[in-house]
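Residue numbers (the numbering used here): 3 to 271.
Just so it is clear, CB atoms sit at the ideal spot from N, CA and C, and this is done for glycine as well.
None of the values given here were measured: they were computed from a predicted structure.
Please read the structure below before turning to the comments.
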């Protein structure tokens with residue numbers, strides 16, 4: 003009975019977070035749009051990011067908004083700012099908790115992580131530079147609007163804690179809010195840095211490792227990651243298909259065609 007209650011809590015938290023996220027996006031768009039349209043695009047973006055590769059949802063949003071007459075530069079600035087404000091707090095928390103975890107990690111693992119970080123910064127240097135430029139541009143176009151969405155993003159983080167707490171209680175375990183924040187920030191950030199759809203496998207692996215460190219059995223730790231993956235993916239795919247199934251299907255079809263062209267070119271070589 004209690005297990006069903008915790009799943010219902012997850013089912014209530016995810017739509018609430020999606021609605022808040024759409025309000026953040028609506029606030030950051032220079033050209034006024036309705037909340038319904040913002041909710042549609044946010045649902046599609048979150049679904050596409052989980053279905054194809056990380057970032058595919060943002061590319062889809064930029065292309066379709068450009069088709070609708072939106073200015074390309076302004077749209078890109080909005081998307082970069084939205085992504086940065088959404089993931090930024092998680093990366094900052096992961097940096098803090100990762101620093102505290104560092105003394106217990108073997109030196110060769112730390113060196114490996116440092117190399118990965120350097121490689122990531124090198125690969126993403128254009129995106130980081132673009133985000134900085136977008137912040138400057140947003141100050142001109144949006145004024146104080148980015149500041150107004152910060153409280154909403156903090157509420158989303160609190161709801162994320164409720165979501166993960168519910169999953170942990172669902173599998174019959176317990177963890178303090180502080181440790182949940184630690185586990186969530188490190189696993190979410192690791193999954194975000196991975197090019198695999200929503201960090202598939204990597205995010206769950208980091209989460210399981212950290213939960214085992216807190217006394218969870220291997221089976222329970224893996225189960226938490228699996229429940230998170232299944233519940234969140236099912237919800238966002240359902241929301242995305244309801245919001246814009248035609249857009250998602252066309253984008254996936256175009257992606258498959260492009261991959262087919264690339265594979266044929268490689269085979270000829």
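Review point. Helix or strand or just coil, what does DSSP make of residue 15?
Key: If DSSP states are grouped into helix, strand and coil, residue 15 belongs with the helices.
Practice item. Note down the Cα distance separating residue 151 from residue 157, rounded to an integer number of angstroms. Key: Each residue's alpha carbon lies about 10 Å from the other.
Check your understanding: Per the contact definition of three or more C-beta pairs closer than 8 Å, is the stretch 211-226 in contact with the stretch 175-184?
Key -> In the pairwise beta carbon analysis, the stretch 175-184 is classified as touching the stretch 211-226: at least three pairs are separated by under 8 Å.
Check your understanding: Taking the runs of the alpha helix (DSSP H) that are 4 residues or longer, which of them lie wholly in the stretch 139-199?
Key -> The qualifying runs are 147-150, 152-172, 179-195.
Check your understanding: Is the CB-CB distance between residue 273 and residue 235 below 7 Å?
Key -> No information on residue 273 is available, as it lies outside the stretch 3 to 271 that the chain covers here.
Review point. With a Cβ-Cβ cutoff of 7 Å, do residue 22 and residue 154 count as a contact?
Key: For residue 22 and residue 154, yes; Cβs fall inside 7 Å.
Practice item. Could you work out which residue in 40, 30, 11, 34 is closest to residue 241 when comparing CA atoms only? Key: From the listed residues 40, 30, 11, 34, the smallest Cα separation to residue 241 is found for 40.
Check your understanding: Of all the options 26, 166, 149, which has the alpha carbon lying nearest to the alpha carbon of residue 229?
Key -> Ranking 26, 166, 149 by Cα distance to residue 229 puts 166 first.
Point to revise | Boundaries (first-last residue) of the alpha helix (DSSP H) holding residue 219 | key: No alpha helix (DSSP H) contains residue 219, which DSSP labels as neither H nor E.
Exercise for review: Report the option in 210, 27, 182, 187 whose CA atom is closest to the CA atom of residue 82.
Suggested key: Ranking 210, 27, 182, 187 by Cα distance to residue 82 puts 27 first.
Check your understanding: Which residues mark the beginning and the end of the alpha helix (DSSP H) in which residue 39 is found?
Key -> According to the DSSP assignment, residue 39 belongs to the alpha helix (DSSP H) that extends over 37-53.
Review point. Since residue 202 is in the alpha helix (DSSP H), which residue starts that stretch and which ends it?
Key: Careful: residue 202 lies outside any alpha helix (DSSP H) and carries neither H nor E.
Point to revise | Candidates 214, 162, 31, 186, of which the one nearest residue 78 by Cα | key: Nearest option by C-alpha distance: 31.
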